[in-house]
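A.B. asks: Next up is a structure, given as structure tokens.
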Amino acid sequence: MRLQTATRIALYATLELAGNPENQITASAIAEKYGISINHLAKVMRDLGRAGVVESVRGAGGGFRFAGNAKRTTLMDVIQIFENVRGNARAPAREPGEATPAGQALRQVLDEIDAITEATLRSITLDTMFKLIQRQRQDAAGPAPG
Amino acid sequence: MDSAAESRAETAPVTLRDGREDDLPAVIALDARVTGLEKERYWRELYSRRGKELPFLVAEIAGPDGAARLAGFSIGEVRAWEFGSPPCGWVFALTVDPELRLGGIGSRLMDAIAERFREAGVKRMRTMLARDNHLLMAFFRSHGMMAGPYIELEKELD
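If you read the protein sequences in the order shown, they are chains X and B. Those letters in the first sequence? Residues 26 to 171, by my numbering. Those letters in the second sequence? Residues 94 to 251, by my numbering.
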């Protein structure tokens, strides 16, 4: 599956903030780290703030802070702020041919894919993502010399 | 979970040990409470086959009266070559009393059964669960489990 650019930016920003819960981090620092347009990130941060995922910190330095629980917040919680992962599941037929038996059979297959995608995204928390990120770091570093 | 139970789960010492026959009534009752189905024959049959390749572990905690009570259990088995799969440890069940969750008991059971599988000589463990049980799936994923190379298929028999 592909995620929209805004969704990917939101996930990077949320992971960055949730991974540093004691610190406030500026949007420009996040933008620089991930090579993201600051304007695009600013809009995403507004949406994340409205959804209660992050909160902005006023005062010296300013910045943002994660406002949730990394062990309870899943990838789906962030993604669904920006897009509908379940596609058109259970929505009335709206594409040409969807009401035909062939269209319904195709819908059945696509729903199966959507259900697996949803289960995956709803079961991976930010805390689990930190472990996956750490493993990526270790793989990138290669075996310890010895 | 009420705060008293939560506090008990976080502070009372938890003991892990091999399951015994006299644990079965409490195991069967906890499983029935969690799944809504009592499966006495299933558990007794599994218990009768327990051993190095079929670890059966229980977690105990001191109850309010000081007596040990079942807090959770896990059971699994090393299976080989079914579906073409090399030897692998299957976790059949890992259950924690709902009143004692969020206290790390499930993680201790998970680590313990993983260690038993290692001792039995396998390098991989596996489980299967309902796709919509996101909470349990999140638990297993938090322990590093990811989707494997197999997929379950089924059909209704007419």
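Beta carbons: idealized from backbone N, C-alpha and C, even for Gly. Nothing here was measured: the structure is a model prediction, and the numbers come from that model.
1) For Asp152/X, go through chain B and note every residue whose CB falls closer than 7 Å to its CB, in chain order.
2) Starting from Ala144/X, find everything on chain B with Cβ-Cβ shorter than 8 Å and list it in chain order.
3) Going by DSSP, what residue range makes up the alpha helix (DSSP H) through Leu246/B?
4) DSSP three-state label for Ser62/X, please.
5) If you draw a straight line from the alpha carbon of Phe166/B to that of Met101/X, how long is it in whole angstroms?
6) Per the DSSP calculation, Trp183/B is bridged to which residue(s)?
7) In or out: Thr39/X buried (at least 16 other Cβ within 10 Å) or exposed?
8) Out of Ser148/X, Arg162/X, Gln159/X and Lys156/X, state which residue places its alpha-carbon closest to the alpha-carbon of Ala231/B.
9) Ordered along the chain, which non-local residues of its own chain (more than five positions away) have a Cβ less than 6 Å from that of Arg142/B?
10) State yes or no: is the beta carbon of Asp251/B nearer than 8 Å to at least one beta carbon in chain X?
11) Hey, out of Arg211/B, Lys216/B, Gly214/B and Arg234/B, whose CA is closest to Leu222/B's CA?
12) Closer than 8 Å between beta carbons: that is the criterion. Which residues of the segment 47 to 60 of chain X meet it against chain B?
13) When DSSP labels each residue in this structure, what does Ala283/B get in the three-state scheme?
14) Give the DSSP-derived three-state secondary structure of Thr39/X in the structure shown.
15) Could you check the C-alpha separation between Ala85/X and Ala56/X for me, to the nearest Å?
16) Bridge partners of Glu80/X, per DSSP?
17) Going by beta-carbon coordinates alone, are Ala205/B and Leu117/B separated by less than 8 Å?
18) With a CB to CB cut of under 7 Å and the five nearest residues on each side skipped, what residues in its chain are close to Met26/X?
19) Going by CA-CA distance only, name the one from Glu47/X, Glu120/X, Leu42/X and Tyr37/X that's closest to His65/X.
20) Is the separation between the beta-carbon of Phe89/X and that of Val79/X shorter than 8 Å?
21) Rounded C-beta distance between Leu163/B and Ala125/B? I'm assuming under 8 Å.
22) Taking contact to mean at least 3 C-beta pairs separated by less than 8 Å, is the segment 59 to 75 of chain X in contact with the segment 125 to 143 of chain X?
23) Which residue comes first and which comes last in the beta strand (DSSP E) that contains Asp111/B?
24) Please identify, using Cβ separations under 9 Å, the residues of the segment 120 to 150 of chain X that lie next to chain B, in order along the chain.
25) What would DSSP say about Gly199/B, mapped onto helix, strand or coil?
C.D. replies: The relevant details are as follows:
1) Within chain B, the residues near Asp152/X are Ser235.
2) By Cβ distance, chain B contributes Arg224, Asp225, His227 and Met230.
3) Segment: none, Leu246/B is in no alpha helix (DSSP H) and carries neither H nor E.
4) Coil, per DSSP.
5) Their backbone Cα atoms lie some 30 Å apart in a straight line.
6) According to DSSP, which records beta bridges pairwise, Trp183/B is partnered with Glu170/B and Arg219/B.
7) With 16 or more Cβ atoms within 10 Å of its Cβ, Thr39/X is classed as buried.
8) Comparing Cα positions, the closest option is Ser148/X.
9) So no residue of the chain qualifies.
10) No - not a single Cβ of chain X is within 8 Å of the one on Asp251/B.
11) By alpha-carbon distance to Leu222/B, the top candidate from Arg211/B, Lys216/B, Gly214/B and Arg234/B is Arg234/B.
12) Under the 8 Å Cβ criterion, the segment 47 to 60 of chain X contributes no residue.
13) Nothing in the structure corresponds to residue 283/B, since chain B is present only between 94 and 251.
14) Under the three-state reduction of DSSP output, Thr39/X falls in the helix class.
15) Spanning the alpha carbons of Ala85/X and Ala56/X requires a straight line of approximately 19 Å.
16) Its beta-bridge partners are Arg90/X.
17) It is not a contact, given that the beta carbons lie outside the stated cut-off.
18) Its chain contains Thr142 as the residues whose beta carbon lies nearer than 7 Å to that of Met26/X, once the 5 sequence neighbours on both sides are disregarded; these appear in chain order.
19) Taking only the C-alpha atoms, the option nearest His65/X is Tyr37/X.
20) Yes, they are a contact pair.
21) With 8 Å as the limit, Leu163/B and Ala125/B do not qualify as a contact, their Cβ atoms being about 13 Å apart.
22) No: the two stretches stay apart, fewer than three of their Cβ pairs being nearer than 8 Å.
23) Its beta strand (DSSP E) spans residues Val107 to Asp111.
24) Those residues of the segment 120 to 150 of chain X that come within reach of chain B (Cβ to Cβ, closer than 9 Å) are Ala140, Ile141, Glu143, Ala144, Thr145, Arg147, Ser148, Ile149 and Thr150.
25) In the structure shown, Gly199/B sits in a helix (DSSP, three-state: H, G or I).
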